[in-house]
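Below you'll find the structure, written out as structure tokens, and then a few comments.
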Amino acid sequence: MRRVVEVIMSMNGELRLIPPELMDQLDDEEVVEGIMDGDGISVGKAWNGLHYLYCGDGMSGESAIIGGISLDHGDTGYGPPQYLTPDEVAAYARKLDALTDDDLRAAYDAKAMAADGVYPGGWDSPDNLEWLLTEARSVREFYRDAAAKGAGVLQFLS
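Residues in the sequence shown are numbered consecutively from 105, following my numbering.
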């Protein structure tokens with residue numbers, strides 16, 4: 105008898121602090137790997153929904169979740185990591201602080217998100233908006249902290 109095992113892959117959004125003293129060392133793969141294992145947060149499968157709320161599109165545009173300058177190494181299987189400079193981090197921190205939960209609720213459009221193929225899907229469930237709002241608060245706090253430290257941010261999918 106042959107047994108079939110289904111493997112379910114998932115993409116998880118990761119944000120890591122880049123200490124100011126390492127910003128000029130991002131061409132060193134070992135440094136980037138250390139940063140990827142360092143301080144930060146995971147927004148899990150919420151990454152694409154958050155990106156949609158921040159910029160109104162599933163994959164186009166740049167946001168606090170997807171964007172920045174791509175590195176030539178550190179590909180986790182979902183593309184290379186990207187980074188934001190400390191100045192960009194400070195700008196995103198200000199933008200995120202200005203966004204209210206009501207702003208994000210207004211940006212949430214389950215039908216448009218489904219039509220745009222926003223990962224992971226299932227946006228018609230009412231729990232998903234609250235899930236995204238909770239993750240958005242974590243992202244806001246992360247960027248606020250990173251900006252206060254003068255840090256950059258590494259963005260990647262794992």
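Yeah, the Cβ is synthetic: ideal placement off N, Cα and C, and Gly gets one too. Quick caveat, the model's predicted, so the values are computed rather than measured.
query                                                                                                                                                             : result
Taking Cβ to Cβ, would you say A240 is nearer than 9 Å to D191?                                                                                                   : no
Along the chain, where does the beta strand (DSSP E) that runs through S146 open and close?                                                                       : G144 to G148
For a test of the three-state rule: what should DSSP assign to V222, helix, strand or coil?                                                                       : coil
Is I173 helix, strand or coil when you go by DSSP?                                                                                                                : strand
May I have the straight-line CA-CA distance separating V109 from P224, to the nearest angstrom?                                                                   : Low per-residue confidence applies at V109: pLDDT is 40, beneath 50, and the placement is therefore not dependable, though the value from the model is reported in the following sentence. Looking at the two C-alpha atoms, the distance is approximately 21 Å.
According to DSSP, which residues form a beta bridge with G256?                                                                                                   : I122
Please list, in chain order, all residues of the same chain as I173 whose beta carbon is under 7 Å from its beta carbon, the five residues on each side excluded. : Q186 and Y187
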